[in-house]
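Protein chains in written order, with this note's numbering: chain A, 1 to 660; chain B, 1001 to 1374.
In structure tokens form, the structure reads like this:
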């Protein structure tokens, strides 16, 4: 057996052994190569793959930041946050979206219209973006959804917060409102872009918009471990977000509500201001609308209601409404004439109801005329004839200078409200530049009674009144309470200091003032006198007192005799169109004139007369005469403003405790 | 020569038992244990279907292997062709009436088990060739007739398996066959010529590949080509292995597998999971375990007197090496993704059965190492 073919058998064995040896050597090499590859992956590149592995398994979810509150001066929340239950779906993670959404519809009892809207929304966004099926589930719906959650994979009930405005339409124009961030919001504001999560609400207008970056807060972050299909397995980390800054405003809700009440069913605006601190006590534009409507996307009907309202609720009349100031400009015209020594307080004009000048007839509002009037009487009875003559002597450029000094034709807030209008106080130079034509002297006359080119916002008139009422000092209007705000005493002493300076070395100070203006430092002028001779200011204020509190004064019927509430004011009735001679003869009653042609009723006032503290301006669009439509509101308003004063003083003294 | 009669005939059961290769058995048991634990880990630390059935299969087939080890080597030699022929028939049956799953028809339904004959072919081809060359004299190995017969024998199952379609297994069968051909003394120049021919005809072959197979080859050259599609498996696999580091993320703590980022983690990518959880150290130890198994198998071959036993052991050791190398290279991104299980570690009954049949013959060679087969 063995001998058989033992030679070949031996050769065969040696061949196979040799070749196996070669093969084994190759195997060692190959295994060495695998070990080398393992070494590269697991030792050399370990960090890289570890990072990739973490990237695989960890997913971060940004939580919506919680928006800061708005509070009124007394610490009442006027814009806050409510807890709401929402339903989110990420379409990408849903197997069959259509089935799911129909199931959700059944559970939540949604109507077909809502369903269509959701489907439309889903089609308009990327599949991995969160789709908000419902922004505001009721508690019952929330419970129901959670009950069925196991069969609704991909659906996420979320506890979220939503903006709420407890005072509804009262603060709409001041605060603005929030709504879902639009593409534009993301483009224009880095902060929003950085913190954006689906469904994030951002300010669209008003303080909500201009203070966005302070209000928005910091996102919370939830870090989850997810599996390959993106399903969350467990929560690894939770970083609390930070609520945005709460902002305390200078406004008084009680007074704001009163303003809203007084302007009910009217188009108009009321602004109330502290004449020393510049605090906006109230600022309301009517008609208003409920900002809560915008929270979840306003419904079609509600939007139609707002947009089709002829009184245009979307307009913030206080700062964007431009109106001819009418006779409310007269105190400034008088002051300007006195300051420029154009006339003396003794100057008299005989009013016959009209005056012929430059071949044209200029009428006084009183057809019969006022007879012989001096400056005080002219302000008191608002005699147009007197002001025609005085403006003629004064000239529009000198009037322009004084008016601008007192805050007309300029933004009251520098950059708080984007939509704020500048208005217009005409001058010869302005007309040449803007219209390319020379100034006509007749235009000076109608500018002197607040008609023609001149346009102001109600808030500008309020500031003007405040700066007159405080004795003629520049103040800084403000709406946000700051830690370093000056107290009343500090402001008053500053004013006195500045007054002494002007009496000591008037010329030098004037030059200094001019320098500061040119250097663009507007704060340097703060609490500086806006007059040359304070007697002139006092004279004008006294005339305004007469206008309200003396017989024949234009707002005499709205006076308050109680010294505590006594106020002084000036009416204004500004024409919206030129009245023809024929119409004048007709002397139509207000109810016979079409609404759009009716005069705007204006009133500016300050009080209490002895030791004044607050100024206000009232505008009723197409309300008729200032004396009959606007001034009576001031009477009601001053009662509450003065009553609230004690409260405000108390709050002020413990200001630091309330500071947020 | 004196012991010849004693050896050929009457060794006692205990002598046989003693002559088992215990190191090899020990390594196989360890591997079985490791594979069971890995399977347990794929199921997130729970004993579920895969773990249960893997453990069961290991136990059954390992015991079967022990029993078959005592079968005389002569028997294995005598059924060499028959085994090949039966498996070939099963392959044809699979092509005709096989069970379809995920696009290919690889399984035959034997009522109690779904058998994948292509896995058995990996052993059958070695056994068949071992028998063929056992008989063939060395000086006629390179005769035309003695060349053409093995080539036909090798090509037939390859074609059947390719048509299933199962490129991975057919390549492995081909490699197993070629290795035995090489060991048995086929002239080196034929290997060189045929690889040249293969190389030249490669573009032609590629044009016959299925689109997904082409994609796999393209993906191999650049996995980042389509990271969420075809490249996904290899990228995720490399992430898993790489993030394992020196000592791994720990048993049951492999995030890549636990969070389902790993594809085919029970079968072809079981090594990825193991490597992620046990790191470089674990992987090298596992590789060492395979190296010992291969070494012991080859050593049994070296001391076998019969050419059949020797050639089978050498061939089988080499095939284990090929399976391990191809599988690991694949999951490490060194080779394109082709379906190739890791012996014993990967889930799969047919693969386990084939592997254990192979080791039965190896053990039988050990017990009957002095046996001479005419």
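Even glycine gets a Cβ: it sits at the ideal position worked out from N, Cα and C.
Pairwise C-alpha distance: residue j and residue i
| i | j | result |
| --- | --- | --- |
| residue 622/A | residue 633/A | 15 Å |
| residue 74/A | residue 167/A | 15 Å |
| residue 648/A | residue 641/A | 10 Å |
| residue 85/A | residue 140/A | 10 Å |
| residue 594/A | residue 392/A | 33 Å |
| residue 1138/B | residue 1318/B | 21 Å |
| residue 509/A | residue 485/A | For residue 509/A, the predicted structure reports a pLDDT of 48, less than 50, and the residue's modelled location is therefore unreliable. The matter cannot be settled from this model. |
| residue 624/A | residue 119/A | 52 Å |
| residue 1155/B | residue 122/A | 56 Å |
| residue 1308/B | residue 1020/B | 19 Å |
| residue 1353/B | residue 1116/B | 10 Å |
| residue 605/A | residue 615/A | 6 Å |
| residue 1108/B | residue 1171/B | 20 Å |
| residue 199/A | residue 67/A | 13 Å |
| residue 1274/B | residue 1177/B | 30 Å |
| residue 31/A | residue 1057/B | 28 Å |
Environment of residue i [buried if 16+ CB atoms lie within 10 Å]
| i | result |
| --- | --- |
| residue 111/A | exposed |
| residue 238/A | exposed |
| residue 265/A | exposed |
| residue 126/A | exposed |
| residue 339/A | buried |
| residue 500/A | exposed |
| residue 1135/B | exposed |
| residue 1089/B | exposed |
| residue 284/A | buried |
| residue 219/A | buried |
| residue 477/A | buried |
| residue 467/A | buried |
Cβ-heavy atom distance, residue i to the ligand ZN, below 7 Å
| i | result |
| --- | --- |
| residue 1169/B | Judged by which ligands are present, the structure shown has none, so any question about the ligand ZN falls away. |
Closest residue to residue i among the options (Cα-Cα distance)
| i | options | result |
| --- | --- | --- |
| residue 54/A | 1256/B, 1215/B and 1271/B | 1256/B |
| residue 1082/B | 1065/B, 1315/B and 1128/B | 1128/B |
| residue 341/A | 276/A, 533/A and 483/A | 533/A |
| residue 412/A | 461/A, 106/A, 199/A and 585/A | 461/A |
| residue 18/A | 1087/B, 1183/B and 1105/B | 1183/B |
| residue 114/A | 338/A, 297/A, 369/A and 376/A | 297/A |
| residue 1180/B | 1212/B, 1249/B and 1314/B | 1314/B |
| residue 161/A | 241/A, 117/A and 234/A | 241/A |
| residue 177/A | 183/A, 287/A, 292/A and 66/A | 292/A |
| residue 1233/B | 1261/B, 1357/B and 1160/B | 1261/B |
Coarse secondary structure for residue i, derived from DSSP in three states
| i | result |
| --- | --- |
| residue 1080/B | helix |
| residue 651/A | helix |
| residue 163/A | strand |
| residue 30/A | helix |
| residue 79/A | strand |
| residue 1284/B | helix |
| residue 253/A | helix |
| residue 37/A | helix |
| residue 1193/B | helix |
| residue 1155/B | helix |
Extent of the continuous beta strand (DSSP E) to which residue i belongs
| i | result |
| --- | --- |
| residue 61/A | 58-63 |
| residue 600/A | 600-607 |
| residue 198/A | Neither: residue 198/A is in no beta strand (DSSP E) and is coded neither H nor E. |
| residue 361/A | 360-363 |
| residue 556/A | Premise fails: residue 556/A is in no beta strand (DSSP E) and is neither H nor E. |
| residue 220/A | 220-226 |
| residue 239/A | 232-239 |
Start and end residues, alpha helix (DSSP H) containing residue i
| i | result |
| --- | --- |
| residue 319/A | 317-320 |
| residue 376/A | 375-381 |
| residue 395/A | Counting along the chain, residue 395/A falls outside any alpha helix (DSSP H), and DSSP gives it neither H nor E. |
| residue 103/A | 97-108 |
| residue 431/A | 428-435 |
| residue 445/A | 441-448 |
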